[in-house]
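Q: At position 315 of the sequence shown (counting the first as 1) the number is 404 in the numbering used here, and the numbers step up by one without a gap. Before I ask anything, here is the structure I am working with.
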Amino acid sequence: MSKELRPTIVRLLSNMASAKEIQQYLKRFSQVDAERFAVVKVGGAILRDDLDALVSSLSFLQQVGLTPIVLHGAGPQLDEEMTAAGITKQTRDGLRVTTPDVLAVVRKVFQQENLKLVEALQMSGVRATSIQSGVFECDLLGKRKYGLVGKVAKVETQPILAAIRAESIPVIASLGETRSGQILNVNADWAANELVKTLQPYKIIFLTGTGGLLDGEGRVIDSINLSTEYAALKNQPWLHSGMRVKIEQIHDLLMQLPPSSSVSITRPDELAKELFTHRGSGTLVRRGERIRCVTRWKQLNLERMRQLIESGFGRKLSADYFEKTRPHRIYVSEHYRAALIITMEDGLPHLDKFAVSDDAQGEGLGRAAWQVMRAEHPQLFWRSRPGNAINEFYLSESDGHMKGERWNVFWYGLESFEQVQYAVDHCRARPATLKG
90 MSKELRPTIV RLLSNMASAK EIQQYLKRFS QVDAERFAVV KVGGAILRDD
140 LDALVSSLSF LQQVGLTPIV LHGAGPQLDE EMTAAGITKQ TRDGLRVTTP
190 DVLAVVRKVF QQENLKLVEA LQMSGVRATS IQSGVFECDL LGKRKYGLVG
240 KVAKVETQPI LAAIRAESIP VIASLGETRS GQILNVNADW AANELVKTLQ
290 PYKIIFLTGT GGLLDGEGRV IDSINLSTEY AALKNQPWLH SGMRVKIEQI
340 HDLLMQLPPS SSVSITRPDE LAKELFTHRG SGTLVRRGER IRCVTRWKQL
390 NLERMRQLIE SGFGRKLSAD YFEKTRPHRI YVSEHYRAAL IITMEDGLPH
440 LDKFAVSDDA QGEGLGRAAW QVMRAEHPQL FWRSRPGNAI NEFYLSESDG
490 HMKGERWNVF WYGLESFEQV QYAVDHCRAR PATLKG
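Next comes the structure, spelled out in C-alpha cells:
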C-alpha cells in the first residue's frame, strides 16, 4: 500500500475503531508473507445474494496492500441448473453423487460463477485471476458410490503464487482433476481445508449469511478459545449437528496450523470490521492458550509478568509491585499474553490487574482468561480508569458500578450494601501502581 493511501484507509475505518487499532492490524498483516495472509472461502449463496458486498470487501483488502486467496463453491446454483436440466439430485454421506451428466452441469456452473466473480472484481478496478483447474490433484473417492467425486491428494500452488506475485487476487473453483486429466467434483469445504493445510495462512475466513457461529439464543459468538472452551462448547445442548461438525472441522484444521493462525466467520459487508478492529464482527476462532492458575509469585516468571502488564497498560509498573502485593489467585496464559491478578480484601476477591499484551488484543484470549477466572469467583470487585477502552466489557460483566472522577468501580455477586460500600471505598483509596 502506498504511503499516500494509508492515511485515507485509516480515516475510512475510523468510524469502526481507533487509529491505533487499525495501524496495529495493518502492521500485523503486512508482516506476513503475501501468500500466507488469508484464504477466503465463499459459498455459492454469497455469490448469488451478496456479490456486491463481497466485491467491495475484496477490493478494500487489495487497496490496503493485502492479497487474499479466494476459493468458492456453487451449491445453490448447481441445484437450480440441475433442476432446469431435469436431473434429480442425489446425495450420499452429504456429498453430491456426480454422474457424467451431473459433472457437465458442475463444470458449466463453476465456470459461470468463477467468471462472474472475477469480472465483477475487474469491473471495480480489482486485479483478479480466474483459476478453474490445475490446483487440486485428486483421486476418485469411490466411483461406484459417489461417481466422479474427488478426494484431494495434492495441492499445486504454482498458479496461486503466480497470481499473488502479480498482485492479483486468485479466484479458485473447487474443481479437481486426476493425474490423467479427468475433471472431478470436489466438496468445497474439503478443497478449502487442503488448500489451508498446504499454504498455512495467517487467516482463514468463512463468509456466511449468518455472520458467525450462533449460540443457543441465536446470537453471534464473538470469539472461541479452543484450548479453554472446546470441550465445554461441544457439550452445549443447543449445539446442533451441523454446527458441531463445523466446530470440529475448525478445531482439527487449526491443530495443523501455526498457533498464530485463526479462523474468522463473518458476513462479506463486515469483513473489514472483523479483520481490523479488536471488537470485530463475527466469530473469531483460535487455538488459543491454556490458562494456568497459581497462588504465589514464585511460581511465575516475574520479568515476563512485568512485561505483560506494562505492554497491556502502556505504563510502567511500580518497582515494588510484586513485593507489596499479596496474591490470592493469579491466572496467566501459557505464553504470558494475558493475566488476571486477584487479591483478597477483607474476605472479598478483588481484581487488581487484568492485562492483555498488545499483540494479543482482539484475539479473545483475554475473554477466555476472564471466563476461567469468573467460573471460580462468584464474587468480585475491581476498578478502572474512566477512559479505559475495556469499560464497556466491564459493564457487561458487572452487576453494578459507580463512576468517579479518577476511578470507576465495578462489582458482581456482592450481597449487601456494606460490601458494595467497602468495595468502592477500597478502590478509591488504593494507591495507583502504574506510572506514566
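Think of the CB as a built atom: it goes at the ideal place given N, C-alpha and C, for glycine as much as any other residue.
In terms of residue numbering, what span does the alpha helix (DSSP H) encompassing Gly455 cover?
A: Segment 454-465, the alpha helix (DSSP H) holding Gly455.
Q: Does Ser91 come out as helix, strand or coil in the three-state DSSP assignment?
A: The pLDDT assigned to Ser91 is 45, lower than 50, so where the model puts this residue is not dependable, and the model offers no usable value.
Q: From the DSSP output, in three-state form, read off Pro203 for me.
A: In the sequence as displayed, the identity of residue 203 is Asn instead of Pro. Looking at Asn203 - three-state DSSP - the assignment turns out to be helix.
Q: Report the start-end ranges of each alpha helix (DSSP H) in the segment 348-410 that is 4 residues or longer and not cut off at the edges.
A: 360-365, 391-402
Q: Indicate whether Gly371 and Ile354 have their beta-carbon atoms separated by less than 8 angstroms.
A: Yes, the pair counts as a contact, with Cβ atoms nearer than the cut-off.
Q: Hey, would you say Val159 sits closer than 8 angstroms to Ile253, going by beta carbons?
A: no
Q: How many angstroms separate the CA atom of Val68 from the CA atom of Leu273?
A: Past the boundaries of the shown model lies residue 68; the chain is included only from 90 to 525, so the question cannot be answered.
Q: Hey, how far is the Cα of Tyr425 from the Cα of Met394?
A: 7 angstroms
Q: Along the chain, where does the beta strand (DSSP E) that runs through Gly239 open and close?
A: 239-244
Q: Measure from the alpha carbon of Pro467 to the alpha carbon of each residue in His439, Leu364, Thr297, then state which is nearest.
A: His439
Q: Once you ignore the five residues that flank Val275 on each side, which residues in its own chain have a CB closer than 7 angstroms to its CB?
A: In the same chain as Val275, and ignoring 5 residues on each side of it, the C-beta atoms closer than 7 angstroms to its own belong to Phe225, Cys227, Gly239, Val241, Ser263, Leu264, Gly265, in chain order.
Q: Nearest to Gln120 by alpha carbon, out of Val498, Pro290, Lys232?
A: Pro290
Q: In the structure shown, what three-state DSSP assignment does Leu259 receive?
A: A quick correction: the sequence has Pro, not Leu, at residue 259. It is a strand residue.
Q: Is Cys516 buried or exposed, if buried means 16 or more other CB atoms sit within 10 Å of its CB?
A: Buried is the call here.
Q: Quick one, are the C-beta atoms of Ala512 and Leu389 less than 8 angstroms apart?
A: no
Q: Bridge partners of Ser85, per DSSP?
A: Because the chain is modelled from 90 through 525, residue 85 falls outside the range shown and cannot be assessed.
Q: According to DSSP, is Glu266 helix, strand or coil?
A: Correct three-state label for Glu266: strand.
Q: In the DSSP output, what is Lys524 paired with across the bridge?
A: In the DSSP output, where bridge partners are listed per residue, Lys524 has Lys405.
Q: Is the separation between the beta-carbon of His161 and that of Leu206 shorter than 8 angstroms?
A: yes
Q: How far does the beta strand (DSSP E) with His439 in it reach, from first residue to last?
A: His439: member of the beta strand (DSSP E) spanning 437-445, first to last residue.
Q: Considering Met433, what are the terminal residues of the beta strand (DSSP E) in which it resides?
A: 427-434
Q: Since Asp358 and Ala142 are thought to touch, with beta carbons under 8 angstroms apart, how far apart are those beta carbons, to the nearest angstrom?
A: 4 angstroms
Q: Distance, Cα to Cα, Arg376 vs His340?
A: 7 angstroms
Q: Is it true that the segment 464-482 meets the segment 491-507, where meeting means three or more beta-carbon pairs spaced less than 8 angstroms apart?
A: Contact holds between the segment 464-482 and the segment 491-507, because three or more Cβ pairs, one in each stretch, are under 8 angstroms apart.
Q: Could you tell me whether the segment 378-392 touches the segment 407-425, where touching means 3 or more Cβ pairs closer than 8 angstroms?
A: yes
Q: Please check the pair Gly453 and Ser312, which I expect to be a contact at CB under 8 angstroms, by giving their CB distance rounded to whole angstroms.
A: 3 angstroms
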